[in-house]
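A.B. asks: Just so you know, the sequence shown maps onto residues 1 to 137 in full-length UniProt numbering.
Sharing a structure here in structure tokens format.
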Amino acid sequence: MARSTARKRALNTLYEADEKGQDILSLLEERIAVPGAQTPLPEYAIEIVRGVAEHRRDIDEKLDECSTGWKISRMGVVDRNILRIAAWEIMYNDEVPDRVAIDEALGLAKTLCDGESPAFIHGLLSAVCTAHEKPLD
1 MARSTARKRA LNTLYEADEK GQDILSLLEE RIAVPGAQTP LPEYAIEIVR
51 GVAEHRRDID EKLDECSTGW KISRMGVVDR NILRIAAWEI MYNDEVPDRV
101 AIDEALGLAK TLCDGESPAF IHGLLSAVCT AHEKPLD
């Protein structure tokens, strides 16, 4: 299964946990054990969700640090979780080039968010790359 699809499935899981105020890893384990009507989660989606859960505090701090005038807690749920996925890929997954992480986040944002979100997400993720002392590759 393509990584783009895995990112979307990871976003669905993170979104659901965020909306319900549920522990991310508990929800993930439920989705793995009983996938419901959906096909089982792709391995990369599981890796993303576990990675975001494990590093969420650092990811959120980096996003807050790089955001001008916005705290992650004030962002829309979809925007916030798209940012978390891409920030995890930038900060913790060396297999994914930063430009790919940003492009994939923009693709999700263009499909799922309002008109201003893609530009905001692009700017914030570019700042994360700079702050993480990692030039865009």
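From the three backbone atoms N, C-alpha and C, an ideal C-beta is built for every residue, glycine too.
Can you give the beta carbon distance from A109 to I121, rounded, assuming they're within the 8 Å contact cut?
C.D. replies: Stepping through the sequence shown from its first residue, residue 109 is reached at position 109. Stepping through the sequence shown from its first residue, residue 121 is reached at position 121. Their Cβ separation, rounded to whole angstroms, is 5 Å, which keeps A109 and I121 in contact under 8 Å.
A.B. asks: Look at C129 and D103 and say whether their C-beta atoms are less than 7 Å apart.
C.D. replies: Along the sequence shown, read from residue 1 onward, the residue named residue 129 stands at position 129. Along the sequence shown, read from residue 1 onward, the residue named residue 103 stands at position 103. Not in contact: C129 and D103 (Cβ atoms no closer than 7 Å).
A.B. asks: Would you check if the region 81-96 and the region 8-17 touch, i.e. whether three or more CB-CB distances between them fall below 8 Å?
C.D. replies: Yes: the two stretches touch, three or more of their Cβ pairs being nearer than 8 Å.
A.B. asks: In its own chain, which residues sit with a C-beta less than 6 Å from the C-beta of V49, not counting the 5 before and 5 after it?
C.D. replies: Locating residue 49 in the sequence shown gives position 49, where the first residue counts as 1. Closer than 6 Å at Cβ, skipping near neighbours: A10, T13 and L28.
A.B. asks: How about E30 and V77: are their beta carbons less than 7 Å apart?
C.D. replies: Here the question's residue 30 lines up with position 30 in the sequence shown. Here the question's residue 77 lines up with position 77 in the sequence shown. Contact flag unset, no.
A.B. asks: In the DSSP assignment, find the alpha helix (DSSP H) that holds D79 and state where it starts and stops.
C.D. replies: Residue mapping note: residue 79 aligns to position 79 of the sequence shown, counting from 1. Element bounds for D79: V77 to Y92.
A.B. asks: Over what stretch of residues does the alpha helix (DSSP H) that includes R56 continue unbroken?
C.D. replies: Within the sequence shown, numbered from 1, the residue matching residue 56 stands at position 56. That run of the alpha helix (DSSP H) goes E43 to C66.
A.B. asks: Apply the 10 Å Cβ neighbour rule to L63 and answer buried if 16 or more other Cβ atoms are within range, or exposed otherwise.
C.D. replies: Your numbering for residue 63 matches position 63 in the sequence shown. Buried: at least 16 other Cβ atoms inside 10 Å.
A.B. asks: What is the DSSP secondary structure of S117, counted as helix, strand or coil?
C.D. replies: Here residue 117 refers to the residue found at position 117 of the sequence shown. Three-state result, S117: helix.
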